[in-house]
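For the sequence shown, the tail end lands on 165 under our numbering, and the numbers increase by one without skipping.
Cβ coordinates follow ideal geometry from the N, Cα and C atoms, glycine included.
Have a look at the structure below, then the notes.
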Amino acid sequence: MAETESGQGDQRPAPLRAALSPGRWPDVPVLAYKQDADSPFEAVTRRVLFAAPELDCELRYFEVDRGGHSTLERHEHAHAVVVHRGCGQCLVGHDVRDIGVGDLVSIAPMTWHQFRANRGEPLGFLCMVNVRRDKPRQPTREDLEALKAVPAIATFLKS
Ligand code: MN
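If you want it as structure tokens, here you go:
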């Protein structure tokens with residue numbers, strides 16, 4: 007089946023794709039987390055679950071392996087996140103929070119965010135975004151120093 011950049015085939019998905027196990031579905035390709043090589047991340051996979059042309063949003067599933075983390079970034083577009091599997095922590099703005107299955111995380115525009123599977127389990131989460139969105143920006147050295155000045159964030163970034 008030919009694939010588009012979003013990772014879904016040219017054909018529409020079946021009306022029901024029953025889960026094989028938590029975070030695993032048939033006919034959902036596992037994709038590289040980031041296309042660009044210079045975004046620091048570790049042990050993250052990406053799956054596009056819904057990307058229909060008539061929707062203005064996409065629903066993706068990201069899974070961070072135990073000990074891994076997403077890129078620390080911010081951007082103009084917002085994220086709506088639902089934890090689906092495992093547990094870990096997230097940084098949103100200047101808050102570090104424990105997260106587990108069913109928790110909802112709202113990431114407002116231009117808010118620093120990162121997800122870390124630092125609780126001995128993988129961390130899988132659903133993430134809704136606009137189809138048209140700006141490119142994520144990573145912290146400058148000055149941004150990073152300002153973030154690390156918050157003790158909880160310094161601890162989080164080393165976890
Ligand atoms: Mn993001």
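In this structure, does DSSP put Asp71 in helix, strand or coil? Taking the sequence shown and counting its residues from 1, one reaches residue 71 at position 65. Three-state DSSP puts Asp71 in a strand.
Using the three-state DSSP reduction, which class does Leu110 fall into: helix, strand or coil? In the sequence shown, residue 110 corresponds to position 104, counting from 1. In the structure shown, Leu110 sits in a strand (DSSP, three-state: E or B).
Do the CB positions of Val54 and Glu64 come within less than 8 Å of each other? The sequence position of residue 54 within the sequence shown is 48, counting from 1. The sequence position of residue 64 within the sequence shown is 58, counting from 1. Contact flag set, yes.
Test item: CB-CB of Phe47 and Gln95 under 8 Å: By one-based count along the sequence shown, residue 47 stands at place 41. By one-based count along the sequence shown, residue 95 stands at place 89. One thing to note: Phe47 has its Cβ no nearer than 8 Å to the Cβ of Gln95.
Glu48: first and last residue of the uninterrupted alpha helix (DSSP H) it sits in: Along the sequence shown, read from residue 1 onward, the residue named residue 48 stands at position 42. Unbroken run through Glu48 is the beta strand (DSSP E), Glu48 to Phe56; no alpha helix (DSSP H).
Could you pull the start and end residues of the beta strand (DSSP E) that Ala160 belongs to? Within the sequence shown, numbered from 1, the residue matching residue 160 stands at position 154. Per DSSP, Ala160 belongs to no beta strand (DSSP E); it is in the alpha helix (DSSP H), Pro157 to Lys164.
Expressed to the nearest angstrom, what Euclidean distance is found between the alpha-carbon atoms of Arg72 and Val89? Locating residue 72 in the sequence shown gives position 66, counting from the first residue. Locating residue 89 in the sequence shown gives position 83, counting from the first residue. Cα to Cα, the separation comes out at about 15 Å.
Which class does Ala152 belong to by DSSP, given the choice of helix, strand or coil? As a working note, residue 152 is residue 146 in the sequence shown. Three-state result, Ala152: helix.
Coarse secondary structure for Arg91, derived from DSSP in three states: For the purposes of this step, residue 91 is taken as the residue at position 85 of the sequence shown. If DSSP states are grouped into helix, strand and coil, Arg91 belongs with the strands.
Express the C-alpha separation of Phe131 and Val87 in angstroms, rounding to a whole number. The residue labelled residue 87 in the question sits at position 81 within the sequence shown. The residue labelled residue 131 in the question sits at position 125 within the sequence shown. Roughly 6 Å between the two C-alpha positions.
Secondary structure at Arg147, three-state DSSP: helix, strand or coil? Translated into positions along the sequence shown, residue 147 becomes position 141. Of the three classes helix, strand and coil, the one that applies to Arg147 here is helix, per DSSP.
Could you check what DSSP says for Leu169 in three-state terms: helix, strand or coil? The requested residue 169 does not occur in the structure, where the chain is confined to residues 7 to 165.
Classify Asp33 as helix, strand or coil using the three-state DSSP reduction. In the sequence shown, counting from the first residue as 1, residue 33 sits at position 27. Residue state, collapsed to three classes: coil.
Suppose the cutoff is 6 Å on Cβ atoms and the five residues either side in sequence are ignored; what does the same chain contact list for Asp104 look like? In the sequence shown, the residue the question calls residue 104 occupies position 98. Hits under 6 Å: Gln95.
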